[in-house]
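S.K.: Those letters in the first sequence? Residues 32 to 501, per our numbering, in order. From the three backbone atoms N, C-alpha and C, an ideal C-beta is built for every residue, glycine too. Fair warning: this is a prediction, and the values are worked out from it, not measured in the lab.
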Amino acid sequence: MTPSSYRPTLPRPPKTPPTSVMPIASPSSGDGSATSSQTPPLVRIPDLNAHVGSVVTLRGWITHLRSSGKIAFLVVRDGLGTVQAVLAKADVGPAIWDRYGELTQEASVELTGTVRADPRAPGGFELTLRDFVVTGGSPIGYPIQPKEHGVDFLMDHRHLWLRSPRQAAILRVRSEIEQAIHDFFYVRNFTRVDTPILTAAIGERSGLFSTEYFDEGTAYLAQTGQLYGEAAAAALGSIYTFGPTFRAEKSKTRRHLTEFWMIEPEVAFADSADNMRLQEDLLSYLVERVLSRRRRELDELERDVSKLEHVAPPFPRIAYTDAVEILRTRGSSIEWGADLGAEDEALLVEGADRPVFVCNYPKEAKAFYMKENPADPRTVLCNDCLAPEGYGEIIGGSQREDDYDRLLARILAEGLPVDAYGWYLDLRRYGTFVHSGFGLGLERCVAYICGLPHVRETIPFARLMNRLRP
RNA sequence: UGGGGUGUAGCUCAAUUGGCAGAGCGCGCGGCUGUUAACCGCGAGGUUGCAGGUUCGAUUCCUGCCGCCCCAGCCA
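Quick look at the structure:
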């Protein structure tokens, strides 16, 4: 495998993200001719550098205000950038200057002024105001100040917290990762398949959210789309799901949400080794994509990008049985057969410069649908992908049991309701096939790439055990 | 669900041995033409999470409850 083979080659997005691809409806700048128009052109902040010396209009929100007698500074955000506008009494005259009081933090405004390159400005450019209009007032007392706040307060004001530069940067990285996932699979001829969110009882019976469902009894919010993905893989070859999943478990940790987004590829005629290659290719591409396209956001987040620059195939592969040996020499008291604890995972990944695979866990520690390992029947063909820096498991994957009788035996042995799995067993009755897949936790992936301490900031409106609003 | 921590002004936090409830930010008024979480002066702002107990006196000590944070388990 060549170092670059994980890179998709078809849609190669532009290196510089387009900023003004959508023309903003404006009665005054419809033709987009910046020079001939009587009224100033409407400009987005990242494009100000193309308008130095000319008068422009921009729309945004006031993030910060300072005044000094006869001069005022307004820091304005338009969603793509931030710029400081200067309002001087001497420039605008008393009539406009006297309307300064209308300006408040988070008021939405339409500003008209001259773009000026200024070495004192953090972005290199400023706007010397000629006039302004407050298009949406904001009362005094905006809750979020430019200072430290506690987590609980910020989560209570999440709808406003999103406006802060750091949170906006995280959401841009999340969006970049989502788009990169689609691009990665698109060029590999995967078909995206949407699986149901409302399901009958299937899979685990605990940790499920339930709701009344007409005359059908109880419906459950899906914990996984995998079983449906397997059905789709027999129709389409290579598929992936991309959607929300739900766990009612009472987990209160930095790595858990009750509602999170999961990407679950399923590939026909792929074995466990193929599966791990796909995983390392995907993760490497996601990291590379964010490094190349969202460097500014990583800077905003103060992410140590040197921790990401080595993420490329191949990732280390450690068999579970070997991992137990390694862990015992490093002081762990783990016994063969037990699942790895968080401390064990940290020990294994210690010092790694890229994610690490731990594969072929004991059968008892894993789900019923995983295929028995022919080389060691105590274990199944599966893998976890553990991210470095304490982020832990961001992927869980396996080769699926494709033998009808063995699968039925596992379902019976685990005491699962066989009738509920009739359609799943059908996949083994009619043309069974070697196949493998995995689940990538989007929020954990975003947290890892952004270097965040908690997944609650990786999703716009986190759903936690104790948080259903906003 | 266990273990640890924490709760004081709108926000972030102080309060000595148990002895008058404090600061910064924000807010109000005034000043200032280059501020970067601006600065200077004045001012308003409190049921110290809730309930009980000890005490002349509790933010402080004790008991119970509640909220939140961190860790573990479950998992992505």
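Can L260 and G468 be called in contact, C-beta distance under 8 Å?
M.R.: Counted from its first residue, the first sequence places residue 260 at position 229. Counted from its first residue, the first sequence places residue 468 at position 437. With the sequence shown as reference, residue 260 is identified as Gly, and Leu is not the correct amino acid for it. Yes; because the gap between Cβ atoms is below 8 Å, this pair is in contact.
S.K.: Say whether the region 362-369 touches the region 382-390, bearing in mind that this needs 3 or more beta-carbon pairs closer than 8 Å, one atom from each stretch.
M.R.: No: the two stretches stay apart, fewer than three of their Cβ pairs being nearer than 8 Å.
S.K.: Using a Cβ-Cβ cutoff of less than 8 Å, which residues in the same chain neighbour Y131 once the five nearest sequence positions on both sides are dropped?
M.R.: By one-based count along the first sequence, residue 131 stands at place 100. Here the set comprises S98, A103, L118.
S.K.: For R324, name the three-state secondary structure that DSSP assigns.
M.R.: For this step, residue 324 is matched to residue 293 along the first sequence. Of the three classes helix, strand and coil, the one that applies to R324 here is helix, per DSSP.
S.K.: Does the count of Cβ pairs from the region 426-437 and the region 217-233 closer than 8 Å reach three?
M.R.: No: the two stretches stay apart, fewer than three of their Cβ pairs being nearer than 8 Å.
S.K.: Below 8 Å CB to CB, which residues in the same chain sit around D149 once its five sequence neighbours on both sides are set aside?
M.R.: By one-based count along the first sequence, residue 149 stands at place 118. Answer for D149: G155, F156, E157, listed in chain order.
S.K.: Excluding the five sequence neighbours on either side, which residues of its own chain have a C-beta within less than 7 Å of the C-beta of I127, listed in chain order?
M.R.: Numbered from 1 along the first sequence, position 96 holds the residue referred to as residue 127. Cβ neighbours of I127 beyond the five flanking positions: D162.
S.K.: When DSSP labels each residue in this structure, what does S57 get in the three-state scheme?
M.R.: Here residue 57 refers to the residue found at position 26 when the first sequence is read from its first residue. Interpretation of S57 is limited by its pLDDT of 45, a score under 50 that renders its predicted location unreliable; the figure taken from the coordinates is listed afterwards. Three-state DSSP puts S57 in coil, outside helix and strand.
S.K.: What does the alpha-carbon distance come out to for the pair T489 and E381?
M.R.: Within the first sequence, the letter at position 458 stands for residue 489. Within the first sequence, the letter at position 350 stands for residue 381. Between T489 and E381, the C-alpha separation is close to 24 Å.
S.K.: Could you have a look at T135 and say whether DSSP puts it in helix, strand or coil?
M.R.: Within the first sequence, numbered from 1, the residue matching residue 135 stands at position 104. Coil at T135, not helix or strand.
S.K.: For E247, which residues from the same chain have a beta carbon less than 8 Å from its beta carbon, with the 5 sequence-adjacent residues on both sides left out?
M.R.: To locate residue 247, count along the first sequence from 1; it is residue 216. Result list for E247: A231, in chain order.
S.K.: Just how far apart, CA to CA, sit A398 and Y316?
M.R.: For the purposes of this step, residue 398 is taken as residue 367 along the first sequence, with counting starting at 1. For the purposes of this step, residue 316 is taken as residue 285 along the first sequence, with counting starting at 1. Roughly 28 Å separates the two Cα atoms.
S.K.: From the DSSP output, in three-state form, read off F245 for me.
M.R.: On the first sequence, position 214 is the one that residue 245 refers to. In the structure shown, F245 sits in a helix (DSSP, three-state: H, G or I).
S.K.: My output table needs one value for V477: the three-state DSSP class, helix, strand or coil.
M.R.: Reading the first sequence from its first residue, position 446 is the one you call residue 477. Reduced to three states, the DSSP call for V477 is helix.
S.K.: I need the boundaries of the beta strand (DSSP E) containing E297, first residue and last residue.
M.R.: In the first sequence, counting from the first residue as 1, residue 297 sits at position 266. Segment 290-299, the beta strand (DSSP E) holding E297.
S.K.: Whole angstroms is fine: what's the gap from I212's alpha carbon to L313's?
M.R.: For this step, residue 212 is matched to residue 181 along the first sequence. For this step, residue 313 is matched to residue 282 along the first sequence. Cα to Cα, the separation comes out at about 8 Å.
S.K.: Start and end of the beta strand (DSSP E) containing T360?
M.R.: The count along the first sequence starts at 1 and reaches residue 360 at position 329. Here T360 belongs to no beta strand (DSSP E); instead the alpha helix (DSSP H) covers 351-360.
S.K.: Strictly by DSSP, which residues pair up with F163?
M.R.: The residue labelled residue 163 in the question sits at position 132 within the first sequence. Beta-bridge pairing links F163 to L142.
S.K.: Look at the alpha carbon of I270 and the alpha carbon of F300, and state the distance between them as a whole number of angstroms.
M.R.: Counted from its first residue, the first sequence places residue 270 at position 239. Counted from its first residue, the first sequence places residue 300 at position 269. I270 and F300: Cα-Cα distance of roughly 12 Å.
S.K.: Could you have a look at M401 and say whether DSSP puts it in helix, strand or coil?
M.R.: If you number the first sequence from 1, residue 401 lands on position 370. Three-state result, M401: strand.
S.K.: State the Cα-Cα distance for the pair V106 and Y217, rounded to the nearest angstrom.
M.R.: The residue labelled residue 106 in the question sits at position 75 within the first sequence. The residue labelled residue 217 in the question sits at position 186 within the first sequence. Taking the straight line from one Cα to the other gives about 41 Å.
S.K.: With D415 as the anchor, note down where its alpha helix (DSSP H) starts and where it stops.
M.R.: Counted from its first residue, the first sequence places residue 415 at position 384. Note, D415: premise wrong, no alpha helix (DSSP H); beta strand (DSSP E) at 413-418.
S.K.: How would you write the range of the alpha helix (DSSP H) that W92 sits in, first residue to last?
M.R.: Locating residue 92 in the first sequence gives position 61, counting from the first residue. Note, W92: premise wrong, no alpha helix (DSSP H); beta strand (DSSP E) at 86-98.
S.K.: Could you check the C-alpha separation between L417 and A369 for me, to the nearest Å?
M.R.: Against the first sequence, residue 417 aligns to sequence position 386. Against the first sequence, residue 369 aligns to sequence position 338. About 17 Å.
S.K.: Would you kindly work out how many angstroms separate the C-alpha atoms of R348 and F184, rounded to a whole number?
M.R.: As a working mapping, residue 348 is identified with position 317 in the first sequence. As a working mapping, residue 184 is identified with position 153 in the first sequence. Approximately 42 Å between the Cα atoms of the pair.
S.K.: Using 8 Å as the Cβ pair cut-off and three pairs as the minimum, do the region 446-462 and the region 195-202 touch?
M.R.: These segments do not touch.
S.K.: Distance check for L160 and L79, CA to CA, integer angstroms please.
M.R.: Here residue 79 corresponds to residue number 48 of the first sequence, with the count starting at 1. Here residue 160 corresponds to residue number 129 of the first sequence, with the count starting at 1. Computed Cα separation, rounded: 14 Å.
S.K.: Would you check if the region 471-483 and the region 322-334 touch, i.e. whether three or more CB-CB distances between them fall below 8 Å?
M.R.: With the cut-off at 8 Å, the region 322-334 and the region 471-483 touch.
S.K.: Can you check whether the CB of G423 is closer than 8 Å to the CB of A373?
M.R.: Taking the first sequence and counting its residues from 1, the one referred to as residue 373 is at position 342. Taking the first sequence and counting its residues from 1, the one referred to as residue 423 is at position 392. Closer than 8 Å, so yes.
S.K.: Per DSSP, what are the beta-bridge partners of V117 in this structure?
M.R.: Along the first sequence, one-based indexing puts residue 117 at 86. The partner list for V117 (beta bridge, DSSP) reads F104, T159.
S.K.: Going by C-alpha distance, which of R286, W292, R278, K283 is nearest T272?
M.R.: Indexing the first sequence from 1 puts residue 272 at position 241. Closest by alpha carbon: W292.
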